[in-house]
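S.K.: Below is a structure I'd like to ask you about.
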Amino acid sequence: MQNLIFSGTIVAPVFIIVFLGVLLRRHNIIDDSFSRITSRMVFNVAMPALLFQKLSAIPIEKIFNLYQILFVIGALCFMFAFAWIVSLFMCRNGADQGAFIQGSFRGNFAILGLALISNAFGAEALAKGALVLAVIMPLYNILSIIALTVPMHRERSTNPQKIALQIVTNPLILAAVLALPFSIFQIPIHSVVTQTIDYLADLTLPLALIGIGSSLSFSSVRQDRTLSIMATMIKIIIMPLLGTSVAVLLGFRGEDLGILYFLFAAPTAIASYIMAHALGSNGRLAGNIVLVSTITSMITISAGIYVLKSLGYF
């Protein structure tokens with residue numbers, strides 16, 4: 055019972071805020087413009103502030119785990135390849151295939167993952183999670199572009215220089231790079247600056263979670279049902295089961311294992327819907343995968359926490 059309560063106290067606050075966003079949208083307190091504006095605000099201002107806040111405050115040797123970083127990169131590449139193979143049997147055209155692949159491997163670690171890490175393990179683990187996020191963001195972007203262009207035979211239409219520029223100018227990457235000297239050399243920051251950054255960072259998770267809820271659309275969920283369910287199963291069942299099992303076998307425990315679990319178990323990122331639309335893939339399918347995985351992950355994440363806690367791995 056104690057482990058069940060533990061899992062509930064981690065997951066419930068996060069998803070209550072998400073569903074608050076759903077209710078606010080349904081009662082017209084917020085609208086589409088709110089979702090778009092909050093998404094830009096979180097991505098360009100609040101989330102970079104959170105990353106800088108967490109990474110700069112703690113010595114790098116306390117949060118940097120090369121073994122964990124290499125494992126994350128290898129695991130995500132494996133799941134990308136696995137989703138691609140499954141898509142060859144499931145999808146009828148390139149537009150469906152791209153949305154399916156991206157929805158199967160790209161998780162909402164930046165928002166839901168970090169929120170769960172914060173609830174479960176506290177500030178130092180959140181800093182570790184922020185460092186992992188800084189590493190996986192460019193990897194997610196590169197793999198997503200491959201998934202959304204190659205199946206549609208549009209690889210020649212992509213501009214490698216433009217892609218590289220988007221990656222190196224990503225606000226999250228810039229925030230992480232800017233924070234590194236402060237973390238490595240423990241450079242003091244004036245209290246006025248830190249307080250300002252703290253205010254911005256505190257906006258991140260509640261604003262982003264409400265934004266997720268407000269952007270969920272139930273109108274088209276019956277379409278592309280089979281592909282949506284299969285991609286969701288890969289993302290929130292197969293991926294965390296395989297990834298976390300291998301992590302346990304490799305010796306990860308405690309908060310390091312928890313970070314990996316939340317990375318693998320997080321539902322599909324809303325960014326996958328945005329990128330699918332932008333690159334001419336099946337945006338409706340991408341949106342359905344986001345919706346189905348977000349709703350069902352509340353159950354699967356809770357179950358995973360309960361099992362890992364009961365087995366003594368957390």
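Start counting at 1 in the sequence shown, then tack on 54, and there's your number in my numbering.
Every residue, glycine too, gets a C-beta built ideally from N, C-alpha and C.
If you follow the alpha helix (DSSP H) that residue 151 is in, where does it begin and where does it stop?
M.R.: Where residue 151 is concerned, the enclosing alpha helix (DSSP H) stretches over 148–159.
S.K.: Have a look at 62, 329, 71, 67 and flag the residue whose alpha-carbon is nearest the alpha-carbon of residue 203.
M.R.: Considering only alpha carbons, the answer is 329.
S.K.: With distance defined between alpha-carbon atoms, name the residue in 168, 84, 63 nearest to residue 312.
M.R.: Among 168, 84, 63, the Cα nearest to that of residue 312 is on 168.
S.K.: Using the three-state DSSP reduction, which class does residue 280 fall into: helix, strand or coil?
M.R.: Three-state result, residue 280: helix.
S.K.: Run through DSSP, which three-state label would residue 14 get?
M.R.: Residue coverage of the chain in this structure runs from 55 to 368, which leaves residue 14 outside it and unanswerable.
S.K.: Expressed to the nearest angstrom, what Euclidean distance is found between the alpha-carbon atoms of residue 130 and residue 333?
M.R.: Going from the Cα of residue 130 to the Cα of residue 333 covers about 22 Å.
S.K.: For residue 290, collect the residues of the same chain with a Cβ closer than 7 Å to its Cβ; drop the 5 residues on either side in sequence, then sort them by chain order.
M.R.: Taken in chain order, the residues that qualify are 319, 321, 347, 350, 351, 354.
S.K.: Which partner residues of residue 322 appear in the DSSP bridge assignment?
M.R.: Per DSSP, 161.
S.K.: Return the CA-CA distance between residue 209 and residue 345, expressed in angstroms with no decimal places.
M.R.: For residue 209, the pLDDT reaches just 46, beneath the cut-off of 50, and the residue's location in the model is therefore unreliable, although a value from the coordinates is still provided. Cα-Cα distance, rounded: 28 Å.
S.K.: Taking C-beta to C-beta, are residue 356 and residue 64 nearer than 9 Å?
M.R.: A contact, by the Cβ cut-off of 9 Å.
S.K.: Rounded to a whole number of angstroms, what is the C-alpha to C-alpha distance between residue 292 and residue 243?
M.R.: Cα-Cα distance, rounded: 43 Å.
S.K.: Pair every Cβ in the segment 212–232 with every Cβ in the segment 181–189, then say whether three or more of these pairs are closer than 8 Å.
M.R.: Yes: the two stretches touch, three or more of their Cβ pairs being nearer than 8 Å.
S.K.: Tell me whether the beta-carbon of residue 273 lies closer than 9 Å to the beta-carbon of residue 93.
M.R.: Contact: no.
S.K.: Just mark residue 162 as buried or exposed, buried being the case when its beta carbon has 16 or more other beta carbons within 10 Å.
M.R.: Flag for residue 162 reads buried.
S.K.: Please determine, among 127, 154, 139, the residue with the shortest C-alpha to C-alpha distance to residue 335.
M.R.: Here the closest residue by C-alpha is 154.
S.K.: Residue 238 and residue 114: beta carbons closer than 9 Å?
M.R.: Yes, they are a contact pair.
S.K.: From which residue to which residue does the alpha helix (DSSP H) around residue 268 run?
M.R.: Segment 245–269, the alpha helix (DSSP H) holding residue 268.
S.K.: Taking the alpha-carbon of residue 298 as reference, which of 285, 286, 317 has the nearest alpha-carbon?
M.R.: Comparing Cα positions, the closest option is 317.
S.K.: Anyone know if the C-beta pair for residue 188 and residue 255 falls short of 9 Å?
M.R.: It is not a contact, given that the beta carbons lie outside the stated cut-off.
S.K.: Less than 9 Å between the beta carbons of residue 370 and residue 166, yes or no?
M.R.: The shown model of the chain, from 55 to 368, leaves out residue 370, and the question about it has no answer.
S.K.: Between residue 197 and residue 134, is the Cβ-Cβ spacing less than 9 Å?
M.R.: It is a contact, given that the beta carbons lie within the stated cut-off.
S.K.: With DSSP as the reference, label residue 118 as helix, strand or coil.
M.R.: Three-state DSSP puts residue 118 in coil, outside helix and strand.
S.K.: So for residue 308, helix, strand or coil by DSSP?
M.R.: Looking at residue 308 - three-state DSSP - the assignment turns out to be helix.
S.K.: Report the three-state DSSP secondary structure of residue 145 (helix, strand or coil).
M.R.: Here residue 145 sits in coil by DSSP.
S.K.: Taking only three categories from DSSP, how would you classify residue 83?
M.R.: Three-state DSSP puts residue 83 in coil, outside helix and strand.
S.K.: Do the CB positions of residue 261 and residue 95 come within less than 9 Å of each other?
M.R.: Closer than 9 Å, so yes.
S.K.: Helix, strand or coil: which one does DSSP assign to residue 347?
M.R.: Note: residue 347 maps to helix in three-state DSSP.
S.K.: Using 10 angstroms around the beta-carbon of residue 258, count the other beta-carbons present and answer buried if the total reaches 16, otherwise exposed.
M.R.: Flag for residue 258 reads buried.
S.K.: Could you check what DSSP says for residue 315 in three-state terms: helix, strand or coil?
M.R.: Residue 315 falls in the helix class under three-state DSSP.
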